[in-house]
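Oh and the sequence shown: position 58 is 1389 in our numbering, straight run, nothing missing.
Where a beta carbon is used, it is the ideal one built from N, C-alpha and C, also for glycine.
Everything numeric in this text was worked out from a predicted model, so none of it was measured.
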Amino acid sequence: MLYRITGWAAIALSIVALFPSYQTGALSVIGFYICLFSLLIGAFASHLGHYFYYRTVFLIALMNVFIVNDGTRFMLLIEQSDWVYIGSMYGIFIVVGSICSFLIRREDTPQLNPKRYEASQKKLSP
């Protein structure tokens, strides 16, 4: 039950992060970091084989970073010459996203924790 509540909270937080990301200035940076925090919460909620929360948060975060965010949207690469800022933000997003993906995949391997793996497989099977 805790993971379900945490997962929906991560989805809600990533949706809420869309509003400050659309604003100009420091609010877009705050929205970006709220988006990264929701990725971490989604990764916490998605272990034990429930990848729905992380995948949903990751898709909303991709949309936030590449389309909505005022400082990092993809169209700024054509219009703006501040490629260092945009590239560093993309780099931070890639690092956090890959670390979260690695943590999710690592927790479900049967070699690391066989009891947890068996319990997660029993919960997933009907």
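Item checked: Sequence-distant residues of the same chain with beta carbon closer than 6 Å to residue 1431, five excluded per side -> 1370, 1374
Item checked: Between the CA atoms of residue 1404 and residue 1343 - distance to the nearest angstrom -> 21 Å
Note to self: Check for me: the alpha helix (DSSP H) holding residue 1377 runs from which residue to which?
What the structure shows: It is not in any alpha helix (DSSP H) - residue 1377 carries neither H nor E in the DSSP assignment.
Next item on the list: Whole angstroms is fine: what's the gap from residue 1335's alpha carbon to residue 1360's?
Entry: 28 Å
Next item on the list: Could you check which residue in 1368, 1401, 1337 has the C-alpha nearest to that of residue 1354?
Entry: 1401
Check: Which word fits residue 1420, buried or exposed, when buried means at least 16 other C-beta atoms lie within 10 angstroms of its C-beta?
Finding: buried
Item checked: Contact set for residue 1377: own chain, Cβ-Cβ below 6 Å, skip 5 residues either direction -> 1384, 1385, 1435
Margin query: Spatial neighbours of residue 1398 within its chain, please: C-beta separation below 8 Å, excluding the five flanking residues on both sides.
Written below: 1404, 1405
Item checked: Buried or exposed (CB count within 10 angstroms, at least 16 for buried), residue 1388 -> buried
Note to self: I need the DSSP call for residue 1422, collapsed to helix, strand or coil.
What the structure shows: helix
Notebook entry, point to check: By the 10 Å Cβ neighbour count, where 16 or more other Cβ atoms means buried, how is residue 1348 classified, buried or exposed?
Noted result: buried
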